[in-house]
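Yeah, the sequence shown ends on 690 if you go by my numbering, and it's all consecutive.
No residue lacks a Cβ here, since even glycine has one placed at the ideal position from N, Cα and C.
A quick write-up on the structure given underneath.
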Amino acid sequence: MIGILTEKPSAARNFAKALGGMQGTYQGQAYTIVHARGHLYQYVDPADMVPSSLHDVYKSWRMDTLPWDETDFSWKMEAGKGNGIPDLLASLSQTLTSCDEIVIACDVDPSGEGQAIGWEVIDHLPPVRAKISRMYFMDESEKEIQKAFLSRKLLPAMAQDPEYRKAMFRSRWDYLSMQFTRIATICTGNQAMLRQGRLKSAMVQMVGDGLKALADYKEVPFYSNKFRDDHGIVYTNPKEPRYPSEDQVPQIYHASSVVCDSRKQKTTPPPKLMDLATLSARLAPKGYKAKDVLAVYQKMYEAQILSYPRSEDKTITPEQFADLLPLAPKIAAVVGVDPALLTHRTPRKTHVKTGGAHGANRPGPKVPSSLQALTMYGDCAPEIYRLLARNTLAMFCEDYLYEQQNGHVADYPDFTGVARVPVSLGWKQIFDADAEEEDVSALGLGTVAEPFVARGVNPKPPTPTMKWLMKQLEQRDVGTGATRTSTYADVTNAGTKYPLLQETKGKLSMTPYGEMSYGLLKDTKIGDLTLTEQLQQQMRDVEAGTLDPAVGLAQMRELVLHDKDVMQKNAASLGLSGAARKERYTGVWRGRSVSFARSWGGYRFTDRECEALCAGQTIPVTGKKKTGEPLSVQGCLKEQTYQGRTYIGFAPTTFLDDTKKTGGNSMATQKERYAGTWKGKEVSL
Numbered sequence: 006m007i008g009i010l011t012e013k014p015s016a017a018r019n020f021a022k023a024l025g026g027m028q029g030t031y032q033g034q035a036y037t038i039v040h041a042r043g044h045l046y047q048y049v050d051p052a053d054m055v056p057s058s059l060h061d062v063y064k065s066w067r068m069d070t071l072p073w074d075e076t077d078f079s080w081k082m083e084a085g086k087g088n089g090i091p092d093l094l095a096s097l098s099q100t101l102t103s104c105d106e107i108v109i110a111c112d113v114d115p116s117g118e119g120q121a122i123g124w125e126v127i128d129h130l131p132p133v134r135a136k137i138s139r140m141y142f143m144d145e146s147e148k149e150i151q152k153a154f155l156s157r158k159l160l161p162a163m164a165q166d167p168e169y170r171k172a173m174f175r176s177r178w179d180y181l182s183m184q185f186t187r188i189a190t191i192c193t194g195n196q197a198m199l200r201q202g203r204l205k206s207a208m209v210q211m212v213g214d215g216l217k218a219l220a221d222y223k224e225v226p227f228y229s230n231k232f233r234d235d236h237g238i239v240y241t242n243p244k245e246p247r248y249p250s251e252d253q254v255p256q257i258y259h260a261s262s263v264v265c266d267s268r269k270q271k272t273t274p275p276p277k278l279m280d281l282a283t284l285s286a287r288l289a290p291k292g293y294k295a296k297d298v299l300a301v302y303q304k305m306y307e308a309q310i311l312s313y314p315r316s317e318d319k320t321i322t323p324e325q326f327a328d329l330l331p332l333a334p335k336i337a338a339v340v341g342v343d344p345a346l347l348t349h350r351t352p353r354k355t356h357v358k359t360g361g362a363h364g365a366n367r368p369g370p371k372v373p374s375s376l377q378a379l380t381m382y383g384d385c386a387p388e389i390y391r392l393l394a395r396n397t398l399a400m401f402c403e404d405y406l407y408e409q410q411n412g413h414v415a416d417y418p419d420f421t422g423v424a425r426v427p428v429s430l431g432w433k434q435i436f437d438a439d440a441e442e443e444d445v446s447a448l449g450l451g452t453v454a455e456p457f458v459a460r461g462v463n464p465k466p467p468t469p470t471m472k473w474l475m476k477q478l479e480q481r482d483v484g485t486g487a488t489r490t491s492t493y494a495d496v497t498n499a500g501t502k503y504p505l506l507q508e509t510k511g512k513l514s515m516t517p518y519g520e521m522s523y524g525l526l527k528d529t530k531i532g533d534l535t536l537t538e539q540l541q542q543q544m545r546d547v548e549a550g551t552l553d554p555a556v557g558l559a560q561m562r563e564l565v566l567h568d569k570d571v572m573q574k575n576a577a578s579l580g581l582s583g584a585a586r587k588e589r590y591t592g593v594w595r596g597r598s599v600s601f602a603r604s605w606g607g608y609r610f611t612d613r614e615c616e617a618l619c620a621g622q623t624i625p626v627t628g629k630k631k632t633g634e635p636l637s638v639q640g641c642l643k644e645q646t647y648q649g650r651t652y653i654g655f656a657p658t659t660f661l662d663d664t665k666k667t668g669g670n671s672m673a674t675q676k677e678r679y680a681g682t683w684k685g686k687e688v689s690l
């Protein structure tokens, strides 16, 4: 019996449809299909992953416990806490342990995450003798599933599986990166949980830099001579002097005829296929949030209306093109495109290539009856399909054809101009690529050009938008479109307690927490986009067997040490330093949640002492006076006032060894006292 493990219930249904049921026989091979629900196992908390003697060290959020030593970790995993997971795991165990072959049929993705999901389930099964194999598929269409089933590939043991080792390395690296969140949070005096990560932090850094450049921008105008002909084409001379004011520009030119130097027909091919990040960025100005686009796209993928969302491919394969070709007229009818425009029936080298995995984002094998019918998947579903379909259909249209005319001003040949005269719009009739050609003129070059004084300004930095941010990340080849979109959705999620960025119809701004995070990230490694690029290379090296994962993970200690020092310095300049702001403890005192300074007089309260204080108990403390002399007291939590501000904090009730309080006598001659509440007020007796 072959046990096929898919990543989620919807995938199991698609596999059952392709093979003939949840269990049965396909081409003489008996099988049964089961499914996970994404990651069913997760790493335990750091404190529960180390020897008991180190438990308190890894549990505490203190700067002196960082960086962690990853060799202390057992990398223990536990079952997730979601509803129904125990029953699901029991069912998986019962079914898979009776199989002769277990097939990992989870999603195929560049990070190896699907491979890890499958191995995690298998690793927690009772010892089995079944062979382990893998199904590789581009999408969940019936043909792909059937082909993948018949061409299963045997896997080595989990520890030797290159794809799993890559995924394991990334997941452990990301786990260790939690230290950056602890550093940033401690630096705020525990005022806010500032989530940091290799992509989150880079996004905050980039948006912060963009907003700063925009705020610092000062417009500096300049003026120079140019010509404009009777068709509106402008002629410029790059060597023409610039002047700070219009009245300084010398009037030394006169009107002159225009000379056309050349005419040449040129073409522009259809734009490349969109990834999920580009799609989300185009929808953002319409008010659709990235998290909603992600969720709705996933539902449409599971219904086979769209292709696999988390693809990193920018092209499709010849086989995928062949599958798409007969569907093109039906898709065109749904999105309002004239099928007569789809005359390019052969694969384009710019869009169709061999290799790849899932292929670029595109319409799936099931064509909806109408855009309106898609609203069952979410409000943005029709717009998602319309954009993706038109982008895909553009490659079935002819190239945009235009005539480029180059010319100059007859009497002043250094002044040149260009006109682009559309001949055939081709794909531009169905898709707006957001990159219109400059100097487009249906009339072409004019006959006479007049001189004029043109006003120019120094370039203004672009306004940070989702589209701008995604373009920067894509140019650096960081992550897939889906990864960029999901991380972006996380940092802009207004539903979280400490959101970092705020998006308004695609435009980005900082939240107060984002401002703090941006200030702390200056000159850090975690805020540098090259860190993600380095990690991706290390993942490839681990998969290739040229890098020991342990060596790669050990480098995290150097990163944490560097950023710990940098963030503390940044925090001090912002007035957020842990040294300037006392570490705080949060608990319940007298029935209400309170946060108080974790130290007094240089003495740091232990966890048990903080719990005792919250319980209303009085505890002994040995701190220091401002003079540096030791000071022993007993005290408890009290509501106090300082400079008009009311706060909860530790307050001495008894001075155990202070000559000013005891007249030169030590505690040996001072009566023991008890602090408590009498008639609604605190007393000491």
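message: With H, G and I counted as helix, E and B as strand and the rest as coil, what does DSSP make of GLN541?
response: By one-based count along the sequence shown, residue 541 stands at place 536. Helix.
**Request:** Decide yes or no for the touch test of the stretch 387-399 against the stretch 225-235: beta carbon pairs closer than 8 Å, at least 3 of them.
**Result:** Contact between the stretch 387-399 and the stretch 225-235 is not established, with fewer than three Cβ pairs separated by less than 8 Å.
Spell out the partners DSSP gives CYS641 in its beta bridges.
Within the sequence shown, the letter at position 636 stands for residue 641. DSSP, once it has assigned bridges, lists ALA656 as partnering CYS641.
Can you tell me whether THR591 is helix, strand or coil according to DSSP? Locating residue 591 in the sequence shown gives position 586, where the first residue counts as 1. Reduced to three states, the DSSP call for THR591 is strand.
Following the continuous beta strand (DSSP E) through MET2, name the residue where it begins and the one where it ends. In this structure the chain extends from 6 to 690, so residue 2 is not present and cannot be described.
Contact check, PHE142 vs VAL113, beta carbons under 9 Å = Start at 1 with the first residue of the sequence shown, and residue 142 comes out as number 137. Start at 1 with the first residue of the sequence shown, and residue 113 comes out as number 108. Cβ atoms of PHE142 and VAL113: closer than 9 Å.
Practice prompt. Quick one: using the 10 Å Cβ neighbour count with 16 as the cut-off for buried, is ASN575 buried or exposed?
Written response: Residue 575 sits at position 570 when you count from the first residue of the sequence shown. So ASN575 counts as buried.
Exercise for the section: For the beta strand (DSSP E) holding LEU10, just list the boundary residues, first then last. Expected result: The residue you call residue 10 lines up with position 5 of the sequence shown. 7-11 is the span of the beta strand (DSSP E), which, as asked, contains LEU10.
Next item on the list: Would you tell me roughly how many angstroms separate the C-alpha atoms of TYR382 and GLU307, rounded to the nearest one?
Entry: On the sequence shown, residue 382 is found 377 positions in, with the first residue counted as 1. On the sequence shown, residue 307 is found 302 positions in, with the first residue counted as 1. Using only the alpha carbons, I get a separation of about 11 Å.
If we ignore side chains and look at the alpha-carbon of each, how far apart do MET672 and VAL626 end up? The residue you call residue 672 lines up with position 667 of the sequence shown. The residue you call residue 626 lines up with position 621 of the sequence shown. With a pLDDT of only 36 at MET672, under the threshold of 50, the placement of this residue in the model should not be trusted; the figure read from the coordinates follows. Their Cα atoms are separated by approximately 14 Å.
Could you tell me whether the stretch 158-170 touches the stretch 120-132, using the rule of 3 or more Cβ pairs below 8 Å?
yes
For GLN256, which beta-bridge partners are listed by DSSP? Here residue 256 is taken as the residue at index 251 of the sequence shown, counted from 1. DSSP lists no partner for GLN256.
| task | Would you mind stating whether VAL340 and LEU398 have Cβ atoms separated by less than 9 Å? | result | Reading the sequence shown from its first residue, position 335 is the one you call residue 340. Reading the sequence shown from its first residue, position 393 is the one you call residue 398. Result yes, Cβ atoms of VAL340 and LEU398 sit closer than 9 Å.
*Rounded to a whole number of angstroms, what is the C-alpha to C-alpha distance between LYS81 and TYR180?*
Position 76 of the sequence shown, counting from 1, holds the residue named residue 81. Position 175 of the sequence shown, counting from 1, holds the residue named residue 180. If I take the Cα positions, the gap works out to 12 Å.
| request: Can you check DSSP and say which residues form a bridge with TRP605? | output: Locating residue 605 in the sequence shown gives position 600, where the first residue counts as 1. For TRP605, which the question treats as bridged, DSSP gives the partners TYR608.
Practice prompt. Drop a sphere of 10 angstroms on the beta-carbon of HIS259, count the other beta-carbons inside from all chains shown, and report buried for 16 or more, exposed for fewer.
Written response: As a first step, residue 259 must be located in the sequence shown, where it is residue number 254. In summary, HIS259 is exposed, with fewer than 16 beta-carbon neighbours lying within 10 Å of its beta-carbon over all protein chains present.
- Just the Cα atoms here: how many angstroms apart are LEU346 and LEU155? Residue mapping note: residue 346 aligns to position 341 of the sequence shown, counting from 1. Residue mapping note: residue 155 aligns to position 150 of the sequence shown, counting from 1. LEU346 and LEU155 have their C-alpha atoms roughly 39 Å apart.
Identify the residues that DSSP records as bridge partners of LYS148: which are they?
For the purposes of this step, residue 148 is taken as residue 143 along the sequence shown, with counting starting at 1. DSSP links LYS148 through a beta bridge to no other residue.
Contacts around ALA585, its chain only, beta-carbon distance under 6 Å, and the 5 residues preceding and following it disregarded = Numbered from its first residue, the sequence shown carries residue 585 at position 580. Reliability of the predicted coordinates at ALA585 is poor, the pLDDT of 42 falling under 50, and the value obtained from them is presented with this limitation in mind. Within the same chain, ALA585 has no close Cβ partners at all.
- Indicate whether the contact test is met: 3 or more Cβ pairs, each with one atom in the stretch 559-566 and one in the stretch 588-604, closer than 8 Å. The stretch 559-566 is not in contact with the stretch 588-604.
Quick check on the DSSP output: the alpha helix (DSSP H) that includes ASP179 runs from which residue to which? Stepping through the sequence shown from its first residue, residue 179 is reached at position 174. Unbroken alpha helix (DSSP H) run through ASP179: 167-181.
Could you tell me if GLU149 is buried or exposed, where buried requires 16 or more neighbouring beta carbons within 10 angstroms of its beta carbon? The residue given as residue 149 occupies position 144 in the sequence shown. Answer is buried; the Cβ neighbour count reaches 16.
Q. Rounded to the nearest angstrom, how far is the Cβ of ILE9 from that of PHE20, given a contact under 8 Å?
A. As a first step, residue 9 is located in the sequence shown; it is residue number 4 there, counting from the start. As a first step, residue 20 is located in the sequence shown; it is residue number 15 there, counting from the start. 6 Å between Cβ atoms; contact.
- When ILE531, CYS615, ARG367 are compared against ILE336, the one with the closest alpha-carbon: In the sequence shown, the residue the question calls residue 336 occupies position 331. Nearest C-alpha to ILE336: ARG367.
- request: May I ask you to list the residues that DSSP assigns as paired with HIS413?
  value: To locate residue 413, count along the sequence shown from 1; it is residue 408. Beta-bridge pairing links HIS413 to VAL264, THR421.
Check: What three-state label does DSSP hand ILE435 in the structure shown?
Finding: Within the sequence shown, numbered from 1, the residue matching residue 435 stands at position 430. ILE435: coil per DSSP, three-state reduction.
- Item | For GLY364 and ASP318, believed in contact at Cβ under 8 Å, the rounded distance | Taking the first residue of the sequence shown as 1, we reach residue 318 at position 313. Taking the first residue of the sequence shown as 1, we reach residue 364 at position 359. The Cβ separation is near 5 Å, so the contact holds.
| In three-state DSSP terms, what is HIS40? | Here residue 40 corresponds to residue number 35 of the sequence shown, with the count starting at 1. If DSSP states are grouped into helix, strand and coil, HIS40 belongs with the strands.
Endpoints, beta strand (DSSP E) assigned at GLU508:
Counted from its first residue, the sequence shown places residue 508 at position 503. Segment 506-509, the beta strand (DSSP E) holding GLU508.
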